[in-house]
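So the protein sequences, as listed, match chains P and L. First residue of the first sequence? That's 650 in the numbering used here, and the numbers climb one at a time after it. First residue of the second sequence? That's 159 in the numbering used here, and the numbers climb one at a time after it. Read the structure below first, then the notes.
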Amino acid sequence: MVGLITAGADVSQIANATIRAADKAFTSVLNDEGFTEAVWLMTQLAIAAKKENFGEHLQSLGVNLPQDTSLPDLAAAISEALDNKLESNGGRSDLGEMSQRALVGALVEHISPKLPSLFAPGPDDVRAALAALGKKREFGELSRTFFAKLTNESMNYFLSKTLATHLGEGQRFATMNEMGQFEKALNMHCKEDSLIVEQFSADWFSKHRYEEGGDISRESSNGFASYALKKMKDELKEGARADAR
Amino acid sequence: MQDKRYIICGNAPTDGIKETPGRDLRLRLWGKDGPDKITLRIEDIHTKIVRNVPDVFQDLLEIATYVYCADQAIPRGADDVDSFGHGWRRDLHFIIPVRTPDFWNGQEILQALCSTLGFLSDDNYHFEFTKLKEAHAFQGYLDFNDDGRLHGYPEQVVMFSGGLDSLAGTIDEVLNEKRRVVLVTHKPTQKLNKRHRRLEKMIADKAGENDPLHIGVRVNKNKKLNKEYTQRSRSFLYVSIGATIARMLNLKSVRFYENGVISLNLPVCAQVVGGRATRTTHPRVIRGFQEIISLVAGEPFTIENPYIWKTKADVIQVITKAGCQDMIAASTTCTHTWEMTNHHTHCGTCSQCIDRRFAMLAAKADQYDPVEAYKADIFTQSRSKDEDKIMTAAYLERANQVREQDDITQFIARFSEVSRVFRYLNGNSGKVAQKVYDLYKQHAKEVCDAMDTMVGRNITAIRQRTLPGDCLLRTVYESGSVISVPAIPVDQKQPDNYFRKRGGVWAARFNGNAEVLVTGVDKGAEYINFLLARPNKETSVYEIVCGFAIDSCNAVLNSNETDEGFQVTQGVPLGDTGFVADRKAVEQYRETAHELFREIEEARAENNDAEIQRLEDEMTQITAAINEAVGLGGKLRKSNDKRKNIRDAFRSAVNRAIKYLEKYDKPLAAHLKESIKCGNAPVYRTEEEIVWEVRPIVNE
């Protein structure tokens, strides 16, 4: 991987090498509580969207929203719910932390365009925006953003100690700008590769909600988390292939 | 997470615990000296302020001391990424004897302790409190030092670290607000004593009658207990001491002064997850401390950070506006205290030093902070240590990223860690989010402005390139410069098919697809390159392998090549050896042997013993070569051991390279598999002619 970086390999090839090098680490944390909890919360937000007792359902998950919820409130509530859950069972982990960041970031990115105002939404604005998550397509898009962010965070997690050591005249990144451009390209690469998760997530959500009578079980959610991550990893491995373009 | 560890404190019983001496830890605040003995000393206490301290506060002090010492005595595992930081987090089970076990075993206080300390240090905490059998007098912790300066009871307890932020807070309290304060200083190392005393004297000189009271606190322990440098729990000890002193003074609050950027401490890079970013004064931690102390006090107690909405540059301006700029040089910000010397009081490379340098420039106060005090100048010096490069680059990159955010939504989505702050600061989440965003935008602007200032000051050295190529100023300034562009412009039309060496690695492209860089399979790549250069020409595998062996020797001998820029050279890596059959090689051996016989006869005729010796050596080698090539009955040997080894090694090397290529470019790998024949006389042969560019791009 270091050889590829110094040699000036393109983003897709470095991403491929990184994910291969990290495969063992990923495999060992596939059942990471932080990761599966974040995916569980994501599915349950979508399930709650179609429920009459929307607020109660969220409260049962530890997501406490005030009456006039703003987007920062939602972000804080999701963070707090995940923190509290992992705090009580000692499940803190690096992948869990990255999953938390990815979920909060994905939700903010997904919901903010649907709100008329960020800070002073009407009583039902955030709820209306969240309610849309119950649609198959919307869930697919949110899931894609989540996995794109998680993958990018993970890539940077593995690479960040290496990249900056190749900074300076005559090195892989002669300037800060070049390193910044590389990081942007890596982010874009993860976004592009996450396309494969979108349709899969949408179909999975629709099928399971139907089969499980309007709910989704924890077991199903865990299975989805693990398989979606595997799809993402496989796509990154494929991504560097010339015939995949 | 690491395996469970017990920390058995004082004379706590260990009934029912399966103690593992190698893993578990014993600590004693009382009793005879030994390797597990720790001491807490609160110095310079005035007799007039000592009142009865409730048992529960004495318990708090002891609990905080045990937690702080265990934090340093139990190492974290490697924070390497290969295991997703598995060893970083510890599972700590404390058994602590206390005066008021019923209170401490209460659900509310246990929850507050575990939650706050867990978030603060990223560890898992469990507490079990037992009844302290021999209660010890609180006075045992105190060192009295009455000098008659206490003119009245202080109004406020301020935590004073000797850094810029707490200095500015003290100046605000003592000089601007004219309040009587007591400064509580934790003294982690002797190295800081002299600097602290100097700063205290400077404050006293300015304050006159309103001279603040200083109280120093030390925790001493056996050196063998100093194993972990992170010390995340130090602020718990710090606040516990401050709160106990406040209680002695009948006060109900303690103040930390820490700028908001450091306090909120958004991770600088992806690898900084969770508690890897220090949360010493994170708003959630401060709220947790407040809850703990309020429960201990049995009434509301506040922990405040009045500088939460200031940047470090703002803080410095508090100092300069008060006319106290001479105190700046006496303050200490650096966290690498082990690097501190009389000449270099700051390392210049840790995150705190970097933040200080940028803030000084942003506040236009760097003239009061001599650069000579820094062991390394982050702007103009080369950074040899990898961690120094990473830290500086990450700091600057974060400022760049924040500066690029167009609105608060982007900011929260990009730095979603910030959502952990919203509910722990006063005001609704929306307003708090806006203030956090504004704070970080301001900080990003200050960092960029400081950078511009330093570029301006050093423009001649940058232009003349007299500064090191990896110093911060050049890597930033030259971001738009042509030196970052390779000698072969990226937009130059590249051949559709190439398999060539580029610098230190092999680069391949097939049918106009994306380039694949080949690493880790150099030998196979070299062989493939050789064959592609000679389509349809069978070549002796031994010739190829031998040729590359010689080439490898040459590469070692000619290793002093320059390392700048690239250019296309003429020719292939090896000379054009053409087609040579094994039988021809044997014929060559025979002719050479005949020639040697003739030469040896001539040498004998001339009695030239030295020449005879040389020719005999050569004949030995030729004989060995002929014996290798020719079998019984005058037939060519087909597959004796060493020859088979060479063929197998060649095939394996080529196959490894093809397998590597298969990961990135299946069609290319398939084409090579189909077109390359190994064996005695490897060849690259295709039905349709493909023109390959095989000339290396080597260093000029």
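No residue lacks a Cβ here, since even glycine has one placed at the ideal position from N, Cα and C.
Of the listed residues the options, nearest to residue i (C-alpha basis)
i, options, result
"I702/L", "A782/L, N616/L, F808/L and R762/L", "F808/L"
"N408/L", "K543/L, Q475/L and V211/L", "V211/L"
"H752/L", "A768/L, M777/L, E367/L and N813/L", "M777/L"
"R776/P", "P765/P, A664/P and K785/P", "P765/P"
"L844/P", "M828/P, P721/P, F822/P and R793/P", "R793/P"
"G682/L", "R442/L, S810/L, K659/L and A743/L", "S810/L"
"A665/L", "K470/L, C629/L and Y818/L", "Y818/L"
"A571/L", "E841/P, K882/P, L720/P and E682/P", "L720/P"
"Q746/L", "L424/L, I780/L, T490/L and N263/L", "I780/L"
"K835/L", "L275/L, K468/L, I686/L and L198/L", "I686/L"
"V340/L", "Q348/L, I361/L and M317/L", "M317/L"
"P312/L", "E769/L, D301/L, D304/L and L371/L", "L371/L"
"L300/L", "L325/L, A691/L, I329/L and L198/L", "L198/L"
"V397/L", "F459/L, A782/L, K352/L and K291/L", "F459/L"
"P255/L", "W188/L, S421/L and G235/L", "W188/L"
"Q693/P", "T824/P, S677/P, A823/P and L791/P", "L791/P"
Close beta carbons around residue i, own chain, < 8 Å, minus the five adjacent residues each side
i, result
"R750/P", "K798 and E802"
"Q848/P", "G789"
"I804/L", "V699, Y700 and V703"
"K880/P", "I845, V846 and F849"
"D161/L", "R181 and D249"
"L625/L", "T538, N616, A619, L631 and R632"
Burial state of residue i, where buried means 16 or more other Cβ atoms lie within 10 Å
i, result
"F476/L", "The amino acid at residue 476/L is misidentified as Phe; the sequence shows Val. V476/L should be labelled buried."
"Q230/L", "buried"
"M859/L", "Look at the range of chain L in this structure, 159 to 858, and you will see that residue 859/L is not part of it."
"D774/P", "buried"
"H354/L", "buried"
"D743/P", "buried"
"R181/L", "exposed"
"Q662/P", "buried"
"K176/L", "exposed"
"P233/L", "exposed"
"S279/L", "buried"
"A658/P", "buried"
"R442/L", "buried"
"W496/L", "exposed"
"Q728/L", "Summary for Q728/L: the model assigns pLDDT 32, below 50, so the residue's position carries little reliability, and this model does not support an answer."
"D610/L", "exposed"
"Q265/L", "exposed"
"E759/L", "exposed"
Residues of its chain near residue i, where Cβ-Cβ distance is below 6 Å and the 5 sequence neighbours each way are ignored
i, result
"E562/L", "none"
"A293/L", "R257"
"D734/L", "Unreliable positioning characterises D734/L in this predicted model, as indicated by a pLDDT of 27, which lies under 50. The coordinate reading is nonetheless provided below. Taken in chain order, the list of residues that qualify is empty."
"I253/L", "I166, A170 and E286"
"C227/L", "L185, I196 and K379"
Neighbourhood of residue i by C-beta distance below 7 Å, restricted to the same chain and skipping five residues each side
i, result
"K831/L", "I816"
"G754/P", "K798"
"R581/L", "S587"
"T454/L", "Looking at the sequence itself, residue 454/L is Val, so the reference to Thr does not match. Correct list, in chain order: V214, F215 and L218."
"A780/P", "A698"
"L333/L", "K364, A365 and A480"
- Could you name each continuous alpha helix (DSSP H) segment of 4 residues or more that falls completely within the segment 518-569 of chain L, going from the start of the chain to the end? 544-562
- Task: Return the residues of the segment 271-291 of chain L that lie within a Cβ-Cβ distance of less than 7 Å from chain P, sorted by chain order.
- Result: S273, G276, D280 and N282
- Start-end ranges of the alpha helix (DSSP H) lying completely within the segment 166-245 of chain L, minimum 4 residues: 213-231
- Runs of alpha helix (DSSP H) lying entirely within the segment 810-871 of chain P, each at least 4 residues, in chain order: 825-842 and 844-860
- Item | alpha helix (DSSP H) runs wholly inside the segment 405-437 of chain L, at least 4 long, in chain order | 418-422
- alpha helix (DSSP H) runs contained entirely in the segment 301-333 of chain L, provided each spans 4 or more residues: 322-329
- alpha helix (DSSP H) runs wholly inside the segment 565-630 of chain L, at least 4 long, in chain order: 566-572, 587-615 and 617-621
- Interface residues of the segment 528-549 of chain L facing chain P [CB-CB below 9 Å]: S540, R541, D544, E545, K547, I548 and M549
- Can you list, in chain order, the residues of the segment 602-634 of chain L whose Cβ is nearer than 7 Å to any Cβ on chain P? G627, D628, R632, T633 and V634
- Query: Of the residues that make up the segment 742-761 of chain P, which ones have a beta carbon closer than 7 Å to any beta carbon in chain L?
  - Reply: S742, D743, L744, E746, M747, R750, V753, G754, V757, E758 and S761
- Task: Pull out every residue of the segment 550-568 of chain L whose Cβ sits closer than 9 Å to any Cβ of chain P, in chain order.
- Result: T550, A551, A552, L554, E555, N558, Q559, D565, I566, T567 and Q568
- Message: If we require 3 or more residues per run, which beta strand (DSSP E) segments fall completely within the segment 444-491 of chain L?
- Response: 460-462
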